[in-house]
Amino acid sequence: MKTEYKKRYYSIKEVSQMTGLRSYVLRYWETVFPKLKPLKHSVNGRRMYTEKDIETVKKIKELLYEKKYTIKGANEVMNSKVEIVQLNLDFENEKNYLKGEIKRNLNEVINILRGGK
Numbered sequence: 001m002k003t004e005y006k007k008r009y010y011s012i013k014e015v016s017q018m019t020g021l022r023s024y025v026l027r028y029w030e031t032v033f034p035k036l037k038p039l040k041h042s043v044n045g046r047r048m049y050t051e052k053d054i055e056t057v058k059k060i061k062e063l064l065y066e067k068k069y070t071i072k073g074a075n076e077v078m079n080s081k082v083e084i085v086q087l088n089l090d091f092e093n094e095k096n097y098l099k100g101e102i103k104r105n106l107n108e109v110i111n112i113l114r115g116g117k
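For the record, in the sequence shown the residue sitting at position 30 is 30 according to the UniProt record's numbering, with numbers rising by one throughout.
Written as structure tokens, this is what we have:
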């Protein structure tokens, strides 16, 4: 079995490959998202992304591409409690959906036990 080791730092090319984003997009996002600030190598000036930076990139990508936020809106989510509110709404929606599924399943079991369909 092959053991995968996590690196401490990743290049912009590696992050680009991991996320499916072009390098120029990552560089642009650094200018508009204060939360995304990869380290710069002191000698060669290359960007060095940490796991936390990569998670931030993935979150930004989700907000912009999947949830269709504007850059301003995504920044607000990244910098405020709006994200917590959205997570709570998502949780409530999921909880309500699961309650409905459980009720439907229980009704099916009751019908079966009563000799019905």
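Virtual Cβ for every residue (Gly too), placed ideally from N, Cα, C.
Cβ-based neighbour list, residue i, same chain, cut-off 7 Å, excluding 5 preceding and 5 following
i   : result
K61 : T19, L21
V15 : L26, Y49, I54, V57
F33 : I60, N75, M78
Helix, strand or coil at residue i [DSSP, three-state]
i    : result
R47  : strand
L21  : coil
L113 : helix
Y10  : strand
L36  : coil
V80  : Correcting the residue type first, residue 80 is Ser in the shown sequence and not Val. Here S80 sits in coil by DSSP.
T70  : coil
S16  : helix
Cutoff 6 Å; reference residue i; Cβ partners in own chain excluding five residues on either side
i   : result
K72 : none
Y10 : Y49
Residue i: first and last residue of the uninterrupted alpha helix (DSSP H) it sits in
i   : result
E62 : Neither: E62 is in no alpha helix (DSSP H) and is coded neither H nor E.
Residues near residue i in its chain [Cβ-Cβ closer than 8 Å; skip 5 each side]
i   : result
R46 : S11, I12, K40
Cβ-heavy atom distance, residue i to the ligand NAP, below 8 Å
i   : result
K68 : This structure lacks the ligand NAP, and indeed carries no ligand of any kind.
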